[in-house]
Each structure stands twice: as C-alpha cells, then as structure tokens.
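From first to last, the protein sequence lines are chains A and B. Just so we're aligned, residue 2 is where the first sequence starts under our numbering, counting upward by one. Just so we're aligned, residue 232 is where the second sequence starts under our numbering, counting upward by one. Positions of the beta carbon are idealized from the N, C-alpha and C atoms, including for glycine. I have placed the structure first, in the form of structure tokens, so that the comments after it can refer back to it.
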Amino acid sequence: MNKVVKSADEAIEGITDGMILGLGGFGLCGIPENGISALIRKGVKNLTCISNNAGVDDFGIGLMLQTRQVSKMISSYVGENAEFERQLLSGELQVDLIPQGTLATRLLAAGYGMPAIFTPAGVGTEVAEGKEIRRFGDKDYLLEHAFEIDFSLIKAWKGDTQGNLIFRKTSRNFNPLIAMAGKITIAEVEELVPAGELDPDHIHLPGIYVHRIFEGKNYEKRIEQRTVRSRS
Amino acid sequence: MLDKNGIAKRIAREVKDGSYVNLGIGIPTLVANYIPDGIRVVLQSENGLLGIGPFPLEGEEDADLINAGKQTITTLPGSTFFDSAMSFGMIRAGKVDLTILGAMEVDENGDIANWKIPGKMVKGMGGAMDLVASARNIIVAMQHVNKAGESKLLPKCSLPLTGKRCVKKIVTELAVLDVLPEGGFKLIERAPGVSVEDIKKATAGKLIVEGEIPEMIL
C-alpha cells in the first residue's frame with residue numbers, strides 16, 4: 002500500500018473537467034493550498050466545488066474563480082469574495098447555498114455510508130423547497146442527501162505514510178468530513194512521517210479515508226481577520 | 232437609547248451560570264465582553280471550538296485558531312476542538328443552551344430573516360439556519376429600525392426567512408421584548424431615556440404593553 006506521492010501535481014492525477022471536488026477548510030483556515038495551486042496549473046475546468054466557503058478574491062478557491070475553472074459552488078457562506086458575488090449575480094457561476102450544519106452532516110453521511118439525513122435546518126425557508134419533509138415527534142425535518150464527491154482535497158497538520166491524519170486547532174473544521182466523503186481523497190500535510198510515529202490514540206482521521214498523501218510546501222496560511230489585544 | 236455595547240451589556244445579563252452559548256457575528260460577539268463576574272460560560276464557535284478565549288496578544292496570532300467570524304482568537308483552560316459535523320451535532324441535539332444572533336427582520340410570530348436580500352446581498356446563511364432551528368433559546372440583538380428608518384419588528388417578515396417561530400427575545404437600542412408563543416412583541420423594558428411612545432412608533436408588528444414598563448438596569 003503506497004499512498005505517498007511526491008507532489009501536489011502528482012496527487013491530482015485523474016482529476017478532469019466537469020468533476021465534483023470537495024475542498025476542506027473554513028474561510029482560509031485549513032485550506033489545501035498546494036492542491037489548489039496544482040488545480041490551477043492543470044487548468045481543469047467546469048468543476049463543481051463543495052467547500053464551506055469560496056476563499057477571498059486572491060487566495061484559496063477565489064484563485065480558481067479568477068481563472069474561471071469553477072462552474073458551480075456548493076457552500077454555506079461566500080461573503081468576503083467580490084469576484085464570487087459578481088459571477089453569481091451575472092449568472093456565470095451557479096451556486097447552491099446550504100446551511101453549514103447540513104453541509105457538514107451530508108459529508109458525514111457519505112463517509113458513514115448513509116444515503117441521507119434528516120435535519121430541521123431550513124424548514125419553512127426557501128432551502129426546503131422541493132424537499133421531502135418528515136415529522137418526528139412534534140417537529141419537522143428535511144430529508145437531505147449524502148454528497149457524492151469524485152476527488153476530495155484536504156489539509157492536515159501531520160500525517161503518516163498510511164494516510165492517518167492529525168489536525169491542528171480550528172483548522173480541523175471540514176477537513177475530516179470532506180476527506181470521508183471523497184471517492185478518492187488527497188491529503189496534504191505540513192509534516193509527513195513514517196507509519197508508527199503517530200500515537201494511534203491521537204489520530205483524528207484513520208488513513209482508510211485517505212488515498213494519496215504528500216508533504217505540502219510554502220504554506221502561506223493567510224489570516225482573514227487579524228484581531229489582537231495590545232500588550233500594554 | 233443604547234449603543235451597540237449597551238445592547239451587548241443588557242444581553243449579557245440573560246446569560247446563566249454554567250451555560251454553553253453560541254454568539255453570532257456583530258453585536259452578539261460583543262456580549263462576551265460583558266458577562267458579569269461570577270457567571271461562568273463556555274462559548275461555542277461553530278467552526279469547531281468550545282471555550283473561546285480573548286483575542287491573542289500582538290504577535291501571537293495563529294492562522295489555525297480562528298472563530299466563526301474568521302478572527303484570530305485564543306483558547307482557555309478546558310477548551311476543546313472538534314470537526315464541523317460534531318459542532319452542528321451538538322447544536323442540533325440542543326446541547327447549546329443559548330444562541331445570540333443578529334437579524335435584518337423579526338416578526339411577531341418569532342420568524343427571523345437575516346441571511347439574504349434578493350438581488351443585492353447573497354453571502355449565504357452560514358450556520359444561522361442550523362442554529363435557529365435547534366437552539367433551545369434564541370435572543371436577537373439588533374437595531375430597532377433599519378438605515379432607512381423602517382421598523383425591523385414586523386407583523387410578517389418580508390425578506391427570505393432563516394427560520395420560523397424560533398426567536399424568544401429581542402434586545403434593541405430602545406427596548407427588551409419577548410416574542411409571545413401566541414404571537415406579538417411583549418414590551419419588557421425600556422432603554423434609558425426612551426418612552427413607551429418611542430417604542431410604539433418604531434415597532435410595526437403587534438406590540439403588547441401591560442402596566443408600567445421599567446427602565447433597563449445595565
């Protein structure tokens with residue numbers, strides 16, 4: 002079993018025009034920076050991207066919007082991105098906005114082998130249009146389907162050669178969920194170690210969900226909103 | 232009349248000792264600054280953290296440690312990290328005691344609209360729909376009227392809804408109001424220097440005024 006690949010370019014082999022991709026991260030936190038750069042180099046087009054956010058104008062998925070590689074976004078929140086809003090309002094880009102918990106749980110369902118979930122989020126709103134509603138007890142729930150993703154691109158802090166992953170702080174967010182939902186999952190890590198070096202009790206995502214892994218380079222890890230207390 | 236910090240300060244008095252609280256972006260975030268001494272709360276950040284700490288000291292920002300508003304933050308003793316499915320799992324399961332969020336409109340049935348202005352603002356609902364559909368208690372922090380001077384407390388919301396029949400309490404620069412289960416905004420307190428008449432004028436939905444309305448204690 003050899004999951005280790007040399008580079009992001011090798012890792013994304015097999016991704017073609019029109020595919021459905023899942024990308025980890027929340028805002029710019031924990032996004033697969035190397036994978037996104039490789040997708041831009043490769044120039045694949047007409048992609049559907051499932052990701053909680055769409056980056057900012059000049060970073061993250063925002064870069065793939067600049068190059069017009071994305072035809073559809075499935076996200077919960079896409080503020081902070083003027084180019085996104087422009088393409089959406091002009092009709093160039095299709096977008097499915099879905100509640101964040103619904104997004105997370107539809108990914109979880111995919112990774113847990115369940116075809117659908119019931120959630121109260123969106124009942125009585127336009128999110129419920131055309132969806133099956135089921136009453137449990139005294140409350141209504143929407144039936145929401147598990148995602149099907151061709152390739153998932155995610156970022157972890159540490160990983161081993163078997164694909165076992167450890168995430169760091171709030172950069173975990175959607176990463177393990179996007180990973181679990183991918184038919185093929187590509188993990189980039191800040192530090193890649195031989196199997197056996199990570200304590201099995203400390204692993205957040207078992208390598209069975211990861212098919213290709215590589216050590217990423219030159220992480221910028223850009224901060225969207227730098228907020229600090231002064232030292233005085 | 233209250234400023235934004237005044238609204239946050241008044242809402243902070245609603246927070247009970249030992250509770251888990253989710254704070255939305257904007258005025259709700261300010262509530263954390265006014266939790267009274269002796270009240271211990273754990274703040275939940277829906278991107279995957281229980282136990283939000285203060286902003287980091289200059290130079291100690293960590294790109295891997297942010298809140299739901301994408302601001303750099305810190306942890307506290309006892310903080311934990313988790314993924315987004317567990318984050319919304321605990322919200323959906325009713326483990327989060329109180330949600331405080333902003334709104335564009337609230338109506339007398341407790342419906343809330345806070346995510347979309349058709350043709351103008353299309354940013355997405357983020358976690359708001361999940362939160363309002365499942366939180367055991369929801370307090371809305373907002374201005375009583377919008378920038379055009381129109382009431383945001385309506386007989387019926389005009390913007391696309393975030394959730395139905397979910398808002399329990401509203402705190403504005405003018406007043407504290409409860410949304411009654413049978414419908415209507417019940418006036419509970421007036422902001423300092425604000426009359427019942429002022430509040431009536433600024434409320435388009437059904438306002439219920441019973442007896443003397445006390446002034447807020449901040």
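Of the candidates A/94, A/148, A/59, A/148 places its Cα closest to the Cα of residue 115 of chain A. Excluding five sequence positions before and after residue 198 of chain A, the CB atoms of its chain that fall closer than 8 Å to its own CB belong to 161, given in chain order. Distance check between residue 416 of chain B and each of B/427, B/400, B/349, B/428 places B/400 closest, using alpha-carbon atoms only.
Within the stretch 146–174 of chain A, the residues whose Cβ lies closer than 7 Å to any Cβ of chain B are, in chain order, 169, 170, 171, 172, 173, 174. Cα atoms of residue 144 of chain A and residue 206 of chain A: separation of roughly 27 Å, rounded to the nearest angstrom. Contact between residue 239 of chain B and residue 276 of chain B does not hold, since their C-beta atoms are separated by about 17 Å, which reaches or exceeds 8 Å. No Cβ of chain B is located within less than 9 Å of the beta carbon of residue 203 of chain A. For residue 326 of chain B, same chain residues with a beta-carbon under 8 Å away, outside a window of 5 residues either side, are 251 in chain order. Taking a contact to require three or more Cβ pairs closer than 8 Å, the stretch 158–173 of chain A and the stretch 40–60 of chain A do not qualify as touching. In the displayed model, residue 132 of chain A falls within coil according to three-state DSSP, outside both helix and strand. Contacts with chain A at 9 Å (Cβ-Cβ) include residue 302 of chain B. Out of B/359, B/376, B/372, B/418, the CA that lies nearest to the CA of residue 395 of chain B is found in B/359. The C-alpha of residue 427 of chain B lies about 29 Å from the C-alpha of residue 254 of chain B.
Under the three-state reduction of DSSP output, residue 302 of chain B falls in the strand class. For the stretch 283–301 of chain B, the residues whose beta carbon sits under 9 Å from a beta carbon of chain A are, in order, 285, 286, 287, 288, 289, 290, 291, 292, 293, 294, 295, 296, 297, 298, 299, 300, 301.
Judged by DSSP secondary structure, residue 161 of chain A falls within the beta strand (DSSP E) whose first and last residues are 150–161.
Just so you know, the alpha carbons of residue 28 of chain A and residue 53 of chain A end up roughly 8 Å apart. Ranked by how close their Cα comes to the Cα of residue 226 of chain A, the residues B/301, B/259, B/258, B/413 have B/301 in first place.
At a beta-carbon threshold of 9 Å, the residues of chain A lying near residue 323 of chain B are 102, 106, 120, 121, 122, ordered along the chain.
Of the residues assessed, residue 81 of chain A falls on the buried side of the cut-off, its CB having 16 or more other CB atoms within 10 angstroms. In the three-state DSSP reduction, residue 73 of chain A falls in the strand class (E or B).
Short of 6 Å from the beta carbon of residue 439 of chain B, and not among the five residues preceding or following it, lie these beta carbons of its own chain, in chain order: 415, 417. In this structure the stretch 313–322 of chain B does not touch the stretch 345–354 of chain B; the number of beta carbon pairs closer than 8 Å is below three.
Put simply, the backbone Cα of residue 44 of chain A is about 7 Å away from that of residue 70 of chain A. Within the stretch 31–82 of chain A, the complete beta strand (DSSP E) runs of at least 3 residues fall at 48–51, 71–76. For residue 393 of chain B, the neighbours in chain A by C-beta distance under 7 Å run, in chain order, 126. Of the other Cβ atoms in all chains shown, fewer than 16 fall within 10 Å of the Cβ of residue 135 of chain A; this residue is therefore exposed. Per the coordinates, the alpha-carbon of residue 232 of chain B lies some 27 Å from the alpha-carbon of residue 390 of chain B. Among the CB atoms of chain B, one or more fall inside 9 Å of the CB of residue 224 of chain A.
For residue 315 of chain B, the enclosing alpha helix (DSSP H) begins and ends at 315–323.
Scanning the stretch 236–280 of chain B from its first residue to its last, the whole alpha helix (DSSP H) runs of 4-plus residues come out as 258–261. In this structure, residue 170 of chain A lies away from residue 330 of chain B, with their beta-carbon atoms at least 9 Å apart. Beta-bridge annotation (DSSP): residue 194 of chain A is paired with A/161. Nearest to residue 103 of chain A by alpha-carbon distance, out of B/334, B/362, B/421, B/286, is B/362. Residues of the same chain with a CB within less than 7 Å of the CB of residue 60 of chain A, apart from the 5 flanking positions on each side, are 29, 223 in chain order.
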